[in-house]
Amino acid sequence: MRIQLNGESREFTAPQTVASLLDAAGFAGRRVAVEVNREIVPKSRHDAHVLGDDDQVEIIQAMGGG
1 MRIQLNGESR
11 EFTAPQTVAS
21 LLDAAGFAGR
31 RVAVEVNREI
41 VPKSRHDAHV
51 LGDDDQVEII
61 QAMGGG
């Protein structure tokens, strides 16, 4: 399975959920927003939302500061 993650092509051997992708990409436990094919996936759906071949995923990390 291939997805586009933040503009880069990534290959996976098994279907991924948003939650498992966040873990694999090093974003687990961080405050992030996830968009799949230009639609926001709420955090409450990260475990249930299964990614498909050629999905385009954008992960945006919240930054603190002032």
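In terms of the working numbering, the sequence shown has 64 at position 64, counting the first letter as 1, and numbering is strictly consecutive. In this text, a Cβ means the ideal position worked out from N, Cα and C, and glycines have one as well.
I think Phe27 touches Gln61, with their Cβ atoms under 8 Å apart; what is that distance to the nearest whole Å?
-> Your numbering for residue 27 matches position 27 in the sequence shown. Your numbering for residue 61 matches position 61 in the sequence shown. About 7 Å; that satisfies the 8 Å criterion.
Given Val34, which residues of its chain have a CB within under 6 Å of its CB, disregarding the five upstream and five downstream residues?
-> For the purposes of this step, residue 34 is taken as residue 34 along the sequence shown, with counting starting at 1. So the qualifying residues of the chain are Val18, Val41 and Ile59.
Name the DSSP beta bridge partners of Thr17, please?
-> Taking the sequence shown and counting its residues from 1, one reaches residue 17 at position 17. Note: Thr17 sits in a beta bridge opposite Val50.
Could you pull the start and end residues of the beta strand (DSSP E) that Ala33 belongs to?
-> For the purposes of this step, residue 33 is taken as the residue at position 33 of the sequence shown. From DSSP, the beta strand (DSSP E) with Ala33 extends over Val32 to Val36.
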